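Undergrad: Note that the protein sequences, when read in sequence, are chains A and B.
Here the first sequence stands for residues 1 to 483, where the numbers follow this note's numbering.
Here the second sequence stands for residues 1001 to 1321, where the numbers follow this note's numbering.
Cβ coordinates follow ideal geometry from the N, Cα and C atoms, glycine included.
Just so you know, these numbers come straight off a predicted model, no measurement behind them.
Got a structure here, written out as structure tokens. Questions coming.
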Amino acid sequence: MTINPITRLEGHGKIEIFLNDDGNVENAYFQVPELRGFEKFCEGRLVEEMPDITSRICGVCPEAHHMAATKALDAVFHVDPPSAAKKLRELLYSAFYVADHTTHFYILAGPDFIMGPKAPKAERNILGVINKVGLDIGSSVIKHRSDALDAVAMIGGRRIHPTCGVPGGVSKSITEEQRTKIEEIAKSEIEFAKFTLKLFDDVVLSNKDYVSLIKSDFYTTPTYYMGLVDDQNRVNFYDGKVRVVDPEGNEFAKYGAAEYQQHLAEHVEPWTYLKFPYLKKVGWKGLVGGKDSGVYRATPLARLNVAEGMATPLAQVEYKRMYDTLGPKPIHSTLATHWARLIELLYAAERMHELSRDPEITSQNVRTIPTATPDEGVGIVEAPRGTLTHHYTTDEKGLVKKVNLIVGTTNNHAAISMSIKQAAQGLIKKGEVSDGLLNMVEMAFRAYDPCYGCATHTLPGQMPLEVNIYNKERALLRKLQRP
Amino acid sequence: MANPKAAFYWAASCGGCEIAVLELGKALVDVSKKVDIVFWPVALDFKYSDVESMPDKSIDVCFFNGAIQTSENEHMAKLLREKSKILIAFGACANGGGIPALANTTSKERIFTRVYKETPTTDNPQGVIPQTKVQVKEGELAIPEFYNTVRTLDQTVGVDYSVPGCPPVGEQVTAVMNDIVAGKLPPKGSVIGASDKSLCDECKRVKGDRKIKKIVRTYEIVPDTEKCLLDQGVICMGPATRGGCGAQCIDANMPCRGCYGAVPGVLDQGAKMLSALSSNFDAENEEEIEQIASGVTDPIGTFYRYNLARSMQRRKKARRV
């Protein structure tokens, strides 16, 4: 059974599912058929150019790479940016999160819930959503996504691939006029996030079928979880320590960027270009969950699972409500990731608003010129799709000698593979394939908002999908394709 | 008259070009009323097999972004060339190789060794390397071949137009779409969605005498926001780079890195920049020239950042540039 093409990280993706003698799912393989080679070809580059170069790893979340690279530069040059610069970076980053999470919910994932997983395919997209909830909402989605990117551009210089990151700060400050505009945008984003959570409430949480779907076995995978937290163990996207909890919710590790190598390792398989990160101290046991397997997840749900709360008031209320409804912590249901993402959307909007009103945010003091000899540094941020680690080593002239990258979606490579297999196993019995298979498999995949899919970020939001089902003799049994 | 049929495809790229198209927002909705999109894997549900079954030249215009780095990229480039009347190389990667073409500074073998064996977090005692075909117990799994050299689209198939930029800026994309709908495309072979002048021509900064005594790295100074960056010793690719981007990076007080490709009439963007730069060295003799030139520590990554596949050199040979 082949699902090709799905979507992309640095390209496309492919799913192969094999049936056994009984016609049940024997195994599933999730393959990433592309590689760029950043870890090698960045050698020899000027290290201060890494924010520009590595943002081209992903045009969907370039801000994440730009920020991880810029933070790695702070460490390489042993320089601490002025407080206003850190705030500007976080403000840009919060605005980016608002845009990114908005797109995911409305365009990719939302249609499954708003229209229903079994709705006709032609309706299960953003256009169907607009028909059902009203045209105003469609324009509102476009407006709020675009406004958030306006804020990104005011600070970062560009809407796609920002350019402001320098070791020791940012390349420019913002004017009072820009600040006022960003504050206005942020206010509106908060209302929009509240509205979105209300919509999720009305459509998803008040529907028993959906709640039982969220809680169902084939969407539940106990794993370790990973995410950045601040000094009070609250969710933070831009800075803090990486916290890992075990499948029972106990703290397993908490580490600063420089210590990542003690905690992470990556496994290689010959059938995919993407590696499989896992927790080094637990070890690689294959594509399985549970406490004895080093497989972890780094998603919106993972970030909420590792944290003790949210740093902004409205998001905190929602956080509590989610765990009261679906808890106890940690929640293992993959589909709860959608709810977690919306709580993060609200947090990002609130944080954006807070920072836009910070008295320091228009300060001209946004750069500290480094004076130390560059050598080595690690930068970590939470990309929307997982903890992102950039590690550079340089010579004394600041030319890159070695690079290591552990990229957002890559963290979840093992877990995505497992979720796909689980969903397929739940749906394919005795060679009979449910017509809901395509979408149900997609739903398992989509919860991770994998950056394999810019499909995530597009109209009308169905990832291209083809399923070829082979029997045990590998003969084509049936071909399913989206109409 | 029937709407023109359009296709969009990505190869070795980051997805930023796709986002650049989506960024059009309302403008895209307007365009979509005048254009029938027949293939856009990232956004709409069409399969490779749908394209294969189309008659030749049945797509009016295909926007192809990304460089050619794998056998799948090459296959799709050839297929879409056959099916399309007009093939547009969209964005820096399709045109010059873009950032992925920095892989031409090394080799497939070295990349694989670094990624799958050497990085400090990789745990691979058996030295497993991904293979194009692998037998697993349930059957065979295949992935495309990774090429040693990254190529541009026009080094792979014939290309009719180029839209430069990493990514192309929104206003330019809108203008290109409108020209296509209105049937107002210039002669084939043209660069569209950009200016015919250099970025320096549209930069608002005040240009001085451009006497460079010392090359300065971007992290070493806070540049004056009114003065030309080259005058301040910062390498800015403006003189060698085509305009049309709106000088966004320069407005953010960062230099141009050349993503809009070479100025009109120039084949090799890096060579052009090198000559522009060295002619501005404020040096009396060889020794001083050497001294200033020693400030250029990564010539490939600086002068060919987005265009290495397009350069005369194309990839690193035994000799250093």
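1) Taking Glu-26(A) as the query, report the chain B residues whose CB atoms sit under 7 Å from its CB, ordered along the chain.
2) According to DSSP, is Gln-1313(B) helix, strand or coil?
3) When you check each C-beta in the region 1202-1223 of chain B against every C-beta of chain A, which residues fall closer than 8 Å?
4) Cβ atoms of Thr-362(A) and Glu-176(A): under 7 Å apart, would you say?
5) Can you tell me whether DSSP reads Ser-333(A) as helix, strand or coil?
6) Return the residues of the region 1237-1256 of chain B that lie within a Cβ-Cβ distance of less than 8 Å from chain A, sorted by chain order.
7) Taking Gln-1069(B) as part of the alpha helix (DSSP H), name the residues at either end of that continuous run.
8) At what residues does the alpha helix (DSSP H) containing Asn-1095(B) begin and finish?
9) Note the first and the last residue of the continuous alpha helix (DSSP H) segment covering Phe-195(A).
10) Using only the alpha-carbon positions, how far apart do Gly-1097(B) and Arg-1257(B) sit?
11) By Cβ distance below 6 Å, which residues in the same chain neighbour Lys-1207(B) in space, the five residues on each side in sequence not counted?
12) To the nearest angstrom, how far is the alpha carbon of Gly-461(A) from that of Ile-107(A)?
13) Roughly how many whole angstroms lie between the Cα atoms of Ile-406(A) and Thr-389(A)?
14) When DSSP labels each residue in this structure, what does Cys-1014(B) get in the three-state scheme?
15) Quick check for students: name the residue ranges of the beta strand (DSSP E) that lie wholly in the region 216-257 of chain A, counting only runs of 3 or more.
16) Distance cutoff 7 Å, beta carbons only. Does Asp-52(A) sit that close to anything in chain B?
17) Using the beta-carbon of each residue, which ones in chain A are nearer than 9 Å to Gln-1131(B)?
18) Any idea what DSSP makes of Lys-1137(B), helix, strand or coil?
19) Can you list, in chain order, the stretches of the beta strand (DSSP E) that have 3 or more residues and sit fully within the region 1127-1212 of chain B?
20) Please confirm whether Cys-454(A) has its beta-carbon closer than 7 Å to some beta-carbon of chain B.
21) To test your reading of the DSSP string, which unbroken alpha helix (DSSP H) runs of 4 or more residues are found completely within the region 337-388 of chain A?
22) From Leu-46(A), Pro-33(A) and Glu-63(A), pick the residue whose C-alpha is nearest to that of Arg-385(A); which is it?
23) Could you tell me which chain B residues have their CB closer than 8 Å to the CB of Pro-62(A), listed as they occur along the chain?
24) For Phe-77(A), which of helix, strand or coil comes out of DSSP?
25) Considering just the uninterrupted stretch of the beta strand (DSSP E) at Lys-402(A), what are its terminal residues?
26) Please list the residues of the region 1110-1126 of chain B that have a C-beta atom closer than 7 Å to any C-beta atom in chain A, keeping them in chain order.
27) Between which two residues does the alpha helix (DSSP H) holding Pro-300(A) run?
28) If contact means a Cβ-Cβ distance below 9 Å, which residues of the region 1160-1178 of chain B contact chain A?
29) As an exercise, report each continuous alpha helix (DSSP H) stretch of at least 4 residues that is fully enclosed by the region 88-153 of chain A, in chain order.
30) State the CB to CB distance for the pair Ile-53(A) and Ile-1235(B), rounded to an integer number of angstroms; the pair is presumed to be in contact (CB under 8 Å).
31) I'd like to know if Ala-1103(B) contacts chain A, where contact means its C-beta is closer than 7 Å to some C-beta of that chain.
32) Output yes if chain B places a C-beta closer than 7 Å to the C-beta of Thr-458(A); else output no.
33) Give the DSSP-derived three-state secondary structure of Ser-1235(B) in the structure shown.
34) Going residue by residue through the region 1262-1293 of chain B, where are the continuous alpha helix (DSSP H) segments of at least 4 residues, counting only ones entirely within it?
35) Please report the Cβ distance between Tyr-323(A) and Phe-237(A), rounded to the nearest whole angstrom; I am assuming they are in contact, meaning their Cβ atoms lie under 8 Å.
36) Excluding sequence positions up to five away, which residues of its chain have a Cβ less than 6 Å from the Cβ of Ile-1150(B)?
TA: In short:
1) Glu-1138
2) coil
3) Arg-1217, Thr-1218, Tyr-1219, Glu-1220, Ile-1221 and Val-1222
4) yes
5) strand
6) Gln-1248, Cys-1249, Asp-1251, Ala-1252, Asn-1253 and Met-1254
7) Element bounds for Gln-1069(B): not the alpha helix (DSSP H) but the beta strand (DSSP E), 1068-1070.
8) 1092-1096
9) 176-200
10) Rounded to whole angstroms, the gap between the alpha carbons of Gly-1097(B) and Arg-1257(B) is 14 Å.
11) Excluding residues within five positions, the ones whose Cβ falls inside 6 Å are Cys-1228.
12) Per-residue confidence for Gly-461(A) stands at a pLDDT of 31, beneath the threshold of 50, marking its modelled position as unreliable; the derived number appears in the next sentence. When rounded, the distance between both Cα atoms is 5 Å.
13) 5 Å
14) Coil at Cys-1014(B), not helix or strand.
15) 224-229, 241-245 and 251-255
16) yes
17) Pro-270 and Trp-271
18) coil
19) 1133-1136, 1139-1142, 1146-1151 and 1161-1163
20) With a pLDDT of 34 at Cys-454(A), under the threshold of 50, the modelled position of that residue is not reliable, and the figure given next carries that caveat. Cβ-Cβ to chain B under 7 Å: yes for Cys-454(A).
21) 337-356
22) Glu-63(A)
23) Cys-1014 and Gly-1016
24) coil
25) Where Lys-402(A) is concerned, the enclosing beta strand (DSSP E) stretches over 400-406.
26) Arg-1110, Ile-1111, Arg-1114, Val-1115, Tyr-1116, Thr-1119, Pro-1120, Thr-1121, Thr-1122, Asp-1123 and Asn-1124
27) 300-306 is the extent of the alpha helix (DSSP H) around Pro-300(A).
28) Cys-1166, Pro-1167, Val-1169 and Gly-1170
29) 110-114 and 126-133
30) So it is not a contact: roughly 15 Å between Cβ atoms.
31) yes
32) Any reading at Thr-458(A) needs caution, since the residue's pLDDT is 32, under 50, leaving its predicted position unreliable; the model's value is listed next. Judged by the 7 Å Cβ criterion, Thr-458(A) is in contact with chain B.
33) The amino acid at residue 1235(B) is misidentified as Ser; the sequence shows Ile. In the structure shown, Ile-1235(B) sits in coil (DSSP, three-state: anything other than H, G, I, E or B).
34) Correct list: 1269-1278 and 1286-1293.
35) Not really, about 20 Å apart at Cβ, beyond 8 Å.
36) For clarity, residue 1150(B) is Val in the given sequence; the question names Ile instead. Hits under 6 Å: Ala-1067, Gln-1069, Gly-1097, Pro-1100, Ala-1101, Ala-1103, Asn-1104 and Ala-1309.
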